[in-house]
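For reference, the structure is listed below as structure tokens.
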Amino acid sequence: MLYEIAQRAPQYGDELMTLAEQLKQKGRMEEIQQGMQTGERKTSRKIARVMLKKGIPMADIIETTDVSAEEIPSLQH
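Per UniProt numbering, the very first residue in the sequence shown carries number 1; after that it's consecutive.
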């Protein structure tokens, strides 16, 4: 869409394409951030699972890993 506008109004082409690149970069950064959050969540759940196996109290697991009390039962396999 920005490309089409830039073609119709060439005097604004550079600014519009710069804006398009900025938006694209922002999208990439958001994807990276989402991926990191997903990885952190998986790691927290893995740590909570190990703590459960070692018999660590549920309150300590929740405090340490930020895994919710509702999630704990699903980790007990």
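From the three backbone atoms N, C-alpha and C, an ideal C-beta is built for every residue, glycine too.
In this structure the stretch 22-36 does not lie against the stretch 45-65, because fewer than three pairs of beta carbons, one per stretch, are closer than 8 angstroms. Cβ neighbours of L75 within its own chain (closer than 8 angstroms, five residues either side excluded): R45, A48, R49, L52, V67.
Note on geometry: alpha-carbon atoms of E63 and H77 lie some 21 angstroms from one another.
Scanning its chain for C-beta atoms nearer than 6 angstroms, with the 5 sequence neighbours on each side dropped, one finds around I61 the residues A48, M51, in chain order.
Boundaries of the alpha helix (DSSP H) around S74: 72-75.
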